[in-house]
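Note sheet for the following structure.
There are 2 protein chains.
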Amino acid sequence: MSETKDKIVAMADRLVRTRGFNAFSYKDIADPLDIKNAAVHYHFPAKADLGVEVIEQEIEKFNSSTAKWKHLPEDEQLAKLVDVFRKHNGQGNICLMGSLATDFETFSPPMQTKVQEMANGIVSWLTNCLEQGRKNKRLHFKGAADARALIIMSNLQSSLLLSRVMGPSAFRRIADQLMEDLCQK
Amino acid sequence: MSETKDKIVAMADRLVRTRGFNAFSYKDIADPLDIKNAAVHYHFPAKADLGVEVIEQEIEKFNSSTAKWKHLPEDEQLAKLVDVFRKHNGQGNICLMGSLATDFETFSPPMQTKVQEMANGIVSWLTNCLEQGRKNKRLHFKGAADARALIIMSNLQSSLLLSRVMGPSAFRRIADQLMEDLCQK
DNA sequence: GTCTATATTCCGATAGAC
DNA sequence: GTCTATCGGAATATAGAC
């Protein structure tokens, strides 16, 4: 992929996380990169094309990250995931899922499908991590692993939303309590 | 308040919950009510005025609901709150907090302040409910009540977001596991 | 309080030159 | 691959008649 195209996707990713998909324009991308909106349209004819690319890159990033953690104990894998959210919190970002879920009903079918693909991938990974972690006595929780995965995902997602409104300490308090719940016997 | 004004706020509330604040227009409100966009502007000169009113009505609704539950045991008060979210889930709504937190950075200062006021009110009530519930042995959880309040709020908030993307069963699985966590000893 | 009409701005998108 | 120029449409908002 060309350098400009990369920068466009990176800028779009940032804008989705800070302002939401429907609240940024091609101009918001073009101006900081010192190009014209027509150049953005050359790489991504429609805004939905850009949205799909942002999601696809996020899916790849998630898959390559989790693959790198594969050899770690499950509690440490989970801590790595929390660290990803911690970093976003420090940058004033919300997560892609949270941002795109809010605007979901306004999306074209191809974008909706991509969002669902991303959600399913994260929940699947989390469910498997929890199941294995419980088996290996690295993680402790009650109930079904897939329900717990949904709970943890919702905690991480909303921790960034609440941090934005209530101050960044909200993230830390949620993340700390979350890991404590899962790691103490 | 006039009847038309009430209908406008109700319609705006619905649109915020289904499409997001930045993704609906005065036309989306005026058309279904069979009035013109100028009539909406008469009641709410700027869109932010309408946003503030929607939030204020939600705060009042929350306060009057929780006041009605005051005599109930804390676990039942919590179940009542979950029921409010369950109803929204059935209607395809996300919660105001979730929707407005996503768009937060795009809001004018008066609207941002109102969102923060709403968030603080909900967390305060939840924290108090949890504290009293633990004291009365109706609710069981580890750690500080205010951290647990943030966790529960994030679960409820994101349960509606995830339901939208992954199907409405996501809400039920999260809500059921949540109440089970808190109610079993 | 609601209307018609319009001002203004911005957006996504495209045509065609370079 | 990027530009200038522009189209068509939609959004927020206002002026003034009724």
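Chains A and B supply the protein sequences, listed in that same order.
If you're matching positions, the first sequence starts at 1 in UniProt numbering and goes up one per residue.
If you're matching positions, the second sequence starts at 1 in UniProt numbering and goes up one per residue.
Every residue gets a Cβ at the ideal spot worked out from N, C-alpha and C, and that includes glycine.
Straight-line CA distance for residue i to residue j?
i, j, result
"Gln116(A)", "Phe107(A)", "12 Å"
"Gln184(B)", "Ile152(A)", "19 Å"
"Val54(B)", "Ala10(B)", "8 Å"
"His41(B)", "Ser2(A)", "46 Å"
"Ser163(B)", "Ala175(A)", "22 Å"
"Ala119(B)", "Asp31(A)", "35 Å"
"Asp181(B)", "Ser124(B)", "21 Å"
"Pro109(A)", "Cys95(A)", "21 Å"
"Asp6(A)", "Pro45(A)", "15 Å"
"Ala67(B)", "Lys114(B)", "21 Å"
"Leu33(A)", "Glu58(A)", "21 Å"
"Thr4(B)", "Ala48(B)", "18 Å"
"Val82(A)", "Lys70(A)", "16 Å"
"Cys29(B)", "Ile8(B)", "The displayed chain sequence assigns Ile, not Cys, to residue 29(B). Roughly 7 Å between the two C-alpha positions."
"Phe127(A)", "Ala145(A)", "First, the residue type needs correcting, since residue 127(A) is Thr and not Phe in the sequence shown. If you take the alpha carbons of Thr127(A) and Ala145(A), they lie about 5 Å apart."
"Asn63(B)", "Ser25(B)", "29 Å"
"Glu56(A)", "His43(B)", "43 Å"
"Gly143(B)", "Lys27(A)", "47 Å"
"Val52(B)", "Val52(A)", "33 Å"
"His88(A)", "Ser65(A)", "15 Å"
"Arg86(A)", "Arg86(B)", "30 Å"
Relative to the C-alpha of residue i, which residue among the options is closest?
i, options, result
"Met166(B)", "Asn22(A), Lys7(A) and Gly121(A)", "Gly121(A)"
"Met179(A)", "Gly133(A), Gly98(A) and Lys5(A)", "Gly133(A)"
"Arg172(B)", "Arg173(A), Arg172(A), Ala147(A) and Phe171(A)", "Ala147(A)"
"Val84(B)", "Lys61(B), Glu74(B) and Phe104(B)", "Lys61(B)"
"Gly90(B)", "Thr4(B), Gln177(B), Leu182(B) and Ala170(B)", "Ala170(B)"
"Gln177(B)", "Lys5(A), Pro168(A), Phe141(A) and Gln177(A)", "Phe141(A)"
"Pro73(B)", "Leu33(B), Asp49(B), Gly92(B) and Cys129(B)", "Cys129(B)"
"Met111(B)", "Leu50(B), Asn93(B) and Phe44(B)", "Leu50(B)"
"Glu105(B)", "Ser65(A), Ala48(A), Thr113(A) and Val16(A)", "Val16(A)"
"Asn93(A)", "Asp13(A), Ile8(A) and Lys47(A)", "Asp13(A)"
"Pro168(A)", "Ala48(B), Pro168(B) and Leu150(B)", "Leu150(B)"
"Leu161(A)", "Val52(B), Thr4(B) and Asp103(B)", "Asp103(B)"
Taking 6 Å as the cut-off, is the CB of residue i close to at least one heavy atom of the ligand NAD?
i, result
"Met11(A)", "For the ligand NAD, the structure offers nothing, since it holds no ligand at all."
Quick one: which unbroken alpha helix (DSSP H) runs of 4-plus residues sit fully inside the UniProt domain "HTH tetR-type" (2-62) of chain B? Chain order, please.
DSSP runs (the alpha helix (DSSP H)) wholly in the UniProt domain "HTH tetR-type" (2-62) of chain B: 3-18, 26-33 and 37-43.
Quick check: the region 125-140 of chain B against the region 135-150 of chain A, are there 3 or more CB pairs under 8 Å?
Contact between the region 125-140 of chain B and the region 135-150 of chain A is not established, with fewer than three Cβ pairs separated by less than 8 Å.
Would you call the region 146-163 of chain B and the region 153-164 of chain A touching, i.e. three or more CB-CB distances under 8 Å?
Segments in contact, yes.
Could you check whether the region 71-78 of chain B touches the region 22-38 of chain B, counting it as contact only if at least three pairs of C-beta atoms, one from each stretch, sit closer than 8 Å?
The region 71-78 of chain B vs the region 22-38 of chain B: no contact.
Measuring CB atoms only, is the region 10-30 of chain B touching the region 97-105 of chain B, in the sense that at least three cross pairs come out at less than 8 Å?
Verdict: yes, contact present.
Unbroken alpha helix (DSSP H) runs of length 4 or more, entirely within the region 131-166 of chain A: which are they?
Here the runs fully enclosed are 145-166.
Tell me the start and end of each unbroken alpha helix (DSSP H) in the region 54-135 of chain A that is at least 4 residues and wholly inside, in chain order.
The alpha helix (DSSP H) runs of length 4 or more contained entirely in the region 54-135 of chain A are, from start to end of the chain, 74-90, 96-102 and 109-135.
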